[in-house]
């Protein structure tokens, strides 16, 4: 077989494409019997479904690489600049209906014509509560098109428009004979736009915007892949376990869900959230509640719940000998300073350990005071937690496979932490807050604190002369250390170091 011809679609070739290993091979070179694969015992439909599912999963995961496909080269035209130019020119000329439909959907969602959007809300309410009406959608669309084209083929004359009401009623009762009447106008026919016309350039603009839409969609979906490709094994394993539980739960919960009401409220909600009055109202409510201490206290509870959940999952995977010997959480603090740059003030690029002053705390410190000196780290920046040479207390050793992890709960801070585990302070590392006050435009302009006996809706400034900017921040990193061989010890559990 020539090298340039595709291989035939056989069971062996499909097994090679799907990464299957043949179980039995021909024992003798002259034996002409076909090889037996793992899939031989499957039916044709089972093998087809297995191949399709395998290619579907690979096409989702392969973000940078082209997914493996069946040998369809013989059914595809080869790459040609001339063919590309012809096809692109034809696409520009004939893509008008696609963009007309896109504009109509966008106009309906954005309430450009509120009676039209309200009409569609009513239509969706009826159709969603009575799903059998979906069968009426295709003929309804065809009837709408034919009614519009009828008035183009048989337009109303000036005399018909100016008839008296009685004459108009009499004329409406007379059924016209369309087979005998002569059409007054030619029928509407699809006509591709020509190069140089205004619509041609409008189509070019719409294609440009569609390309941008696809690029933005790809960029928004790509970050999700890191949660599914086992780049971080513990994180992907948690998601895998959650998906299994969710799948089993959905199997039993699905029959109990009122799907008609869910479809009704879901469709109506899509239109309501795009109402032009809703966005300003939500921004006003968000702005009013942004500075409320109760909001940050609620976030603090969420962060601590998240940390407890992560700890439970991590501790469940600890080896048995760790529980037998006993272990503790070793803490280390990362310190950074803010320095304005060319980028936005909210950019994390402006926060770095490089900006720390020579007479203040080091990038990594052992205690919360920031001046412990028993940690050494390389001089290059940026520093990573794994690069820090942390000397353990006598009688402890690191657990194999355990790395430094961020303390998302912020139990060490009286004011909590932000979504990245940081606590922000002023230039003197005082007046803590779970937000970058003064440097983040979306955050309150001054810090506050709350106590256990204080009401959630009240805040108290720590000092009337506090700095206007939060230019320093720190967060805690944790790592588990197990006791050195001590079979007689029965003490186990978390023993966090004192701060």
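Residue numbers (UniProt numbering): 1 to 499.
Beta carbons are placed, not taken as given, at the ideal position from N, Cα and C, and that holds for glycine.
- Per DSSP, reduced to three states, the secondary structure at residue 333 is strand.
- The beta carbons of residue 416 and residue 300 sit closer together than 7 Å.
- Out of 228, 255, 257 and 232, the CA that lies nearest to the CA of residue 243 is found in 228.
- When the Cα atoms are used, residue 197 and residue 203 turn out to be separated by approximately 10 Å.
- Contact between residue 111 and residue 276 holds: CB atoms are separated by about 6 Å, below the 8 Å threshold.
- Distance from the Cα of residue 479 is smallest, within the candidate group 403, 280 and 410, for 403.
- Residue 149 sits in a helix when the DSSP states are folded into three classes.
- Shown here for residue 436: same chain residues with a beta carbon closer than 6 Å to its own, the five before and five after excluded, namely 424, 443 and 470 in chain order.
- For residue 318, the secondary structure class from DSSP, reduced to helix, strand or coil, is coil.
- With a cut-off of 8 Å on Cβ pairs, the region 283–290 is not in contact with the region 386–398, counting fewer than three such pairs.
- When DSSP states are grouped into helix, strand and coil, residue 445 belongs to the coil group.
- Annotated three-state conformation of residue 422 is coil, per DSSP.
- Among the bridge pairs identified by DSSP, residue 128 is matched with none.
- Assignment of residue 388 by DSSP, reduced to helix, strand and coil, places it in the coil class.
- The Cβ-Cβ distance between residue 408 and residue 303 falls below 7 Å.
- Positions of the beta strand (DSSP E) runs, each at least 3 residues long and wholly inside the region 172–214, cannot be given because no such run exists.
- Cβ-Cβ separation between residue 260 and residue 131: approximately 7 Å, consistent with a contact (criterion under 8 Å).
- The DSSP-derived three-state label of residue 352 is strand.
- Within 10 angstroms of the beta-carbon of residue 245 lie fewer than 16 other beta-carbons, which makes it exposed.
- Residue state for residue 84 is assigned as helix, using DSSP reduced to three classes.
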